[in-house]
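S.K.: Numbering (UniProt numbering), first residue to last: 1 to 324.
Think of the CB as a built atom: it goes at the ideal place given N, C-alpha and C, for glycine as much as any other residue.
All values reported here derive from a predicted model rather than from experimental measurement.
To start, I am sharing the structure in question, which I have written as structure tokens.
Next up, the structure:
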């Protein structure tokens, strides 16, 4: 059915106990389908063989823009196959690979793919056992990349030096403006490095431990990102919200507002997008008064933002110039 369907736009098969033997079934349908833009295969049981099949399918697909393969068991050659697909795929913009097992094999392949890929805007690699060596591979790939805007590396065993390398790459990367490293302890010296970046006001780094206080800091950082996003995408946001708001009421449902943000180019990971929109639903009615938000009337109300980067350690800043 999927091979010949021309109307279906989004398909979620999350949590369906799909395994390696099912991965082969995606090759021809995804190769020939030209209408599907969103595919969710999260919370399944794909491992190496299944990932190889899915990678082959993604490499030749020409319509998918949003793919979620999180919470599977992609490892070794399976992770390499998914990463290699990015070298050939020319449409994918959002890719969630969190909660898998990429390790050094997968990140080595990602290094090569990120160097040549020109469409991917968001990559989520949270909880993938990425260490110092993996971070170096990502940095090499990012130095040659021209498209990525958002990178999530939450809860990976990254070293302090790895975080500093990423910040230096972020400084020189024109579009890379959102880095999430929640669950990592970041030192005072790294915070100081971040605050010295010339483009710091236009970049967002999420950092901290899990919990209520961190949620407040994350929200402030997301609102900072959104403030810049709505200012730089004002025209397209105006057009797309008007399209969805047929009665010109100035109000949209939270789900429609998410679609509008995505259509305007929002590259936040799904969890952060949900959290941002939830925070903009000031009256808890599952609606967004987007006119008041776009003018800044509501967005700027309330307390001053708290410091986004808690100073948890006291280590000296290492000189990493020329070593990325």
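Which two residues bound the contiguous alpha helix (DSSP H) that contains residue 178?
M.R.: Here residue 178 belongs to no alpha helix (DSSP H); instead the beta strand (DSSP E) covers 178–182.
S.K.: Any idea what DSSP makes of residue 204, helix, strand or coil?
M.R.: Residue 204 falls in the strand class under three-state DSSP.
S.K.: Please state the DSSP three-state secondary structure of residue 131.
M.R.: Coil.
S.K.: Any idea what DSSP makes of residue 95, helix, strand or coil?
M.R.: The answer is strand: DSSP assigns residue 95 an E or B state.
S.K.: Using the three-state DSSP reduction, which class does residue 289 fall into: helix, strand or coil?
M.R.: Looking at residue 289 - three-state DSSP - the assignment turns out to be strand.
S.K.: Okay, do the stretch 182–192 and the stretch 260–279 touch, 3+ Cβ pairs below 8 angstroms being the bar?
M.R.: Touching, no.
S.K.: Helix, strand or coil, according to DSSP, for residue 328 in the structure here?
M.R.: Residue 328 lies beyond the residue range present for the chain, which begins at 1 and ends at 324; the question has no answer from this structure.
S.K.: Report the residue from 151, 163, 104 whose alpha carbon sits nearest the alpha carbon of residue 95.
M.R.: When each option's Cα is compared against that of residue 95, the closest is 151.
S.K.: Check for me: the alpha helix (DSSP H) holding residue 55 runs from which residue to which?
M.R.: From DSSP, the alpha helix (DSSP H) with residue 55 extends over 48–60.
S.K.: With residue 123 as the anchor, note down where its beta strand (DSSP E) starts and where it stops.
M.R.: Start and end: 122–124.
S.K.: For residue 32 and residue 87, I'd like the C-alpha separation in whole angstroms.
M.R.: Whole-angstrom Cα-Cα distance: 19 angstroms.
S.K.: Between which residues of its own chain and residue 12 is the CB-CB distance below 6 angstroms, once the five residues before and five after are set aside?
M.R.: Cβ within range, chain order: 40.
S.K.: Under 8 angstroms, Cβ to Cβ, is there at least one residue of chain B near residue 171?
M.R.: Protein chains in the displayed structure number just one, and chain B is not present.
S.K.: For a quick check, are the C-beta atoms of residue 105 and residue 80 less than 8 angstroms apart?
M.R.: It is a contact, given that the beta carbons lie within the stated cut-off.
S.K.: Just the C-alpha distance for residue 235 and residue 294, rounded to the nearest angstrom, thanks.
M.R.: When rounded, the distance between both Cα atoms is 11 angstroms.
S.K.: State buried or exposed for residue 285, treating a residue as buried only when at least 16 other CB atoms are found within 10 Å of its CB.
M.R.: Flag for residue 285 reads exposed.
S.K.: Given this structure, state the Cα-to-Cα distance separating residue 192 from residue 169, to the nearest angstrom.
M.R.: Answer to the nearest angstrom: the Cα atoms are 16 angstroms apart.
S.K.: State the DSSP-derived secondary structure class of residue 8, mapped to helix, strand or coil.
M.R.: Residue 8 falls in the coil class under three-state DSSP.
S.K.: Which same chain residues, not among the five before or five after residue 206, have their C-beta less than 6 angstroms away from its C-beta?
M.R.: These residues qualify, in order along the chain: 180, 182, 218, 221.
S.K.: Can you tell me whether residue 149 is buried or exposed, with buried defined as 16 or more other CB within 10 angstroms of its CB?
M.R.: Looking at its Cβ environment, which holds 16 or more other Cβ atoms inside 10 Å, residue 149 is buried.
S.K.: Go to residue 40, then tell me how far its beta strand (DSSP E) extends in each direction, as first and last residue.
M.R.: Per DSSP, residue 40 belongs to the beta strand (DSSP E) from 38–40.
S.K.: Mind checking residue 15: buried by the 16 CB within 10 Å criterion, or exposed?
M.R.: The residue in question, residue 15, is exposed, as its Cβ has fewer than 16 Cβ neighbours within 10 Å.
S.K.: Which same chain residues, not among the five before or five after residue 65, have their C-beta less than 8 angstroms away from its C-beta?
M.R.: Taken in chain order, the residues that qualify are 37, 38, 91, 92, 93, 94.
S.K.: Taking 8 angstroms as the limit between beta carbons, can you name the residues of its chain near residue 9, skipping five residues before and five after?
M.R.: Excluding sequence neighbours, residue 9 sits near 35, 36, 37, 38.
S.K.: Go ahead and label residue 157 buried or exposed: buried means 16 or more other beta carbons lie within 10 angstroms of its beta carbon, across all protein chains shown.
M.R.: Exposed, because fewer than 16 other Cβ atoms sit within 10 Å of the Cβ of residue 157.
S.K.: Suppose you measure from the CA of residue 43 to the CA of residue 19; what does that come to, to the nearest Å?
M.R.: Approximately 11 angstroms between the Cα atoms of the pair.
S.K.: Does the Cβ of residue 143 lie closer than 7 angstroms to at least one heavy atom of the ligand HEM?
M.R.: As for the ligand HEM, it is missing from this structure, which has no ligand bound.
S.K.: Specify the secondary structure class of residue 245 as computed by DSSP and reduced to three states.
M.R.: In the structure shown, residue 245 sits in coil (DSSP, three-state: anything other than H, G, I, E or B).
S.K.: When the Cα atoms are used, what is the spatial distance from residue 117 to residue 140?
M.R.: One C-alpha to the other measures close to 13 angstroms.
S.K.: Any idea which residues DSSP pairs residue 150 with across the strands?
M.R.: DSSP lists 122, 178 as partners of residue 150.
S.K.: Can you tell me whether residue 2 is helix, strand or coil according to DSSP?
M.R.: The answer is coil: DSSP assigns residue 2 none of H, G, I, E or B.
S.K.: Which residues mark the beginning and the end of the alpha helix (DSSP H) in which residue 252 is found?
M.R.: That residue, residue 252, is in no alpha helix (DSSP H); its beta strand (DSSP E) goes 251–253.
S.K.: For residue 55, I'd like the list of residues in its chain whose CB is within less than 7 angstroms of its CB, leaving aside the five on either flank, ordered along the chain.
M.R.: Hits under 7 angstroms: 81, 82, 84, 85.
S.K.: Can you name, in chain order, every residue of its own chain whose Cβ lies under 7 angstroms from the Cβ of residue 253, other than the five neighbours on each side?
M.R.: 286, 287.
S.K.: Residue range of the beta strand (DSSP E) that residue 66 falls in?
M.R.: Run containing residue 66: 66–68, per the beta strand (DSSP E) assignment.
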